[in-house]
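Just below is one structure, and these are the notes that go with it.
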Amino acid sequence: MQVFAHRGASGDHPENTLVAIERAIQFDADGIEIDVQLADDQVMVFHDRWLHRTTNGIGRLRDASFEQLRQLKTGGDQQIPTLLEVLDCIRGRCQLNVELKHKEVAGPTLNALDFAVAQLGFAPEQLIVSSFHHRLLSELRYNWPQYNYAGLTASVPLDLAEFAQRIGCSAIHIDVANLDDDLIDDAHRRGLQVRVYTVDEVDDVIALQAQGVDGIFTNFPSRAIAALKPI
Ligand code: G3P
Ligand code: CA
Numbered sequence: 002m003q004v005f006a007h008r009g010a011s012g013d014h015p016e017n018t019l020v021a022i023e024r025a026i027q028f029d030a031d032g033i034e035i036d037v038q039l040a041d042d043q044v045m046v047f048h049d050r051w052l053h054r055t056t057n058g059i060g061r062l063r064d065a066s067f068e069q070l071r072q073l074k075t076g077g078d079q080q081i082p083t084l085l086e087v088l089d090c091i092r093g094r095c096q097l098n099v100e101l102k103h104k105e106v107a108g109p110t111l112n113a114l115d116f117a118v119a120q121l122g123f124a125p126e127q128l129i130v131s132s133f134h135h136r137l138l139s140e141l142r143y144n145w146p147q148y149n150y151a152g153l154t155a156s157v158p159l160d161l162a163e164f165a166q167r168i169g170c171s172a173i174h175i176d177v178a179n180l181d182d183d184l185i186d187d188a189h190r191r192g193l194q195v196r197v198y199t200v201d202e203v204d205d206v207i208a209l210q211a212q213g214v215d216g217i218f219t220n221f222p223s224r225a226i227a228a229l230k231p232i
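Structure below.
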């Protein structure tokens, strides 16, 4: 079972920052998950719509200029990174799951992934694009078939795996609260991987591996990786 660091090693460092990402790589995470949004025509790596929870700023991310965003500090004095800075930091050392928080960020994000493959040492197979906007994924796959796509859901529609397969996804990313054996079987029969968010407790990590889950998203990758090591 693969371990993806959720927003980097965000249990130990400010989420979605370069220090959290570098730490996840040091922990030997199989992959890193980040969130992207467009602000002032830049692809910013940031989860919330609003600035106040994770920075010393207020207001909405999308209303700020790039210069204003660069002056904000997250915990530990880290800046909000751009997607290009994150890609330049990772340089193909692990997989990267980019979650598109809205539709407008999609084109600039996929162009950045193209640059990462051309210039920064990534193989296309290392890059996973996920979103709650499933129709968007299907459109992106038409123009960028070389990347992996994952349908992200908070609830579980009855035909989730069937739909994800039909639009060309290689995986579904689901809330751990909605996981069940039938869904795992259905997804696997259709050739889809099942990755689960967000899993921080060691007992849950071990149980999910036994259940046949292919990957987890965790805020504590070091804890999960240690739990999965053979004795
Ligand atoms: O990609 C899995 C998970 O990150 C989705 O939820 O709110 O943490 O972005 P959220
Ligand atoms: Ca996310």
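Per my numbering, residue 2 is the first one in the sequence shown, and the count goes up by one each step. The beta carbon of each residue, even a glycine, is placed where N, CA and C say it ideally should be.
Check	Outcome
Taking the alpha carbon of L128 as the point to measure from, which residue in R136, L137, V118, R8 has its own alpha carbon closest?	V118
Could you check the C-alpha separation between D180 and G192 for me, to the nearest Å?	The sequence given here has Leu at residue 180, not Asp. About 17 Å.
Could you have a look at A228 and say whether DSSP puts it in helix, strand or coil?	helix
Do the CB positions of D31 and C90 come within less than 8 Å of each other?	no
Anything with a beta carbon under 6 Å from a heavy atom of ligand 1 counts; list them all in chain order.	H7, E34, D36, H48, E100, S131, L153, H174, Y198, F218
What residues are listed by DSSP as bridge partners for M45?	Q38, T83
Scan the stretch 154 to 196 and note each continuous alpha helix (DSSP H) run of 4 residues or more that stays entirely inside, going in chain order.	161 to 167, 182 to 190
Taking F218 and R196 to be in contact with their CB atoms under 8 Å, please state how far apart those CB atoms are, rounded to whole angstroms.	7 Å
Kindly indicate which residue of D176, N144, F164 has the alpha-carbon position closest to the one of S156.	D176
For A124, I'd like the list of residues in its chain whose CB is within less than 8 Å of its CB, leaving aside the five on either flank, ordered along the chain.	G93, V118
On a CA-only basis, which of A178, V130, L88, I185 is nearest Q120? Give me that one, please.	L88
Less than 6 Å between C-beta atoms, sequence neighbours within five positions excluded: which residues of the same chain meet that for T199?	H7, F218
Look up I22 in the DSSP assignment and say whether it is helix, strand or coil.	helix
Find the nearest neighbour of P222 within the set V20, S132, I26, judged by alpha-carbon distance.	I26
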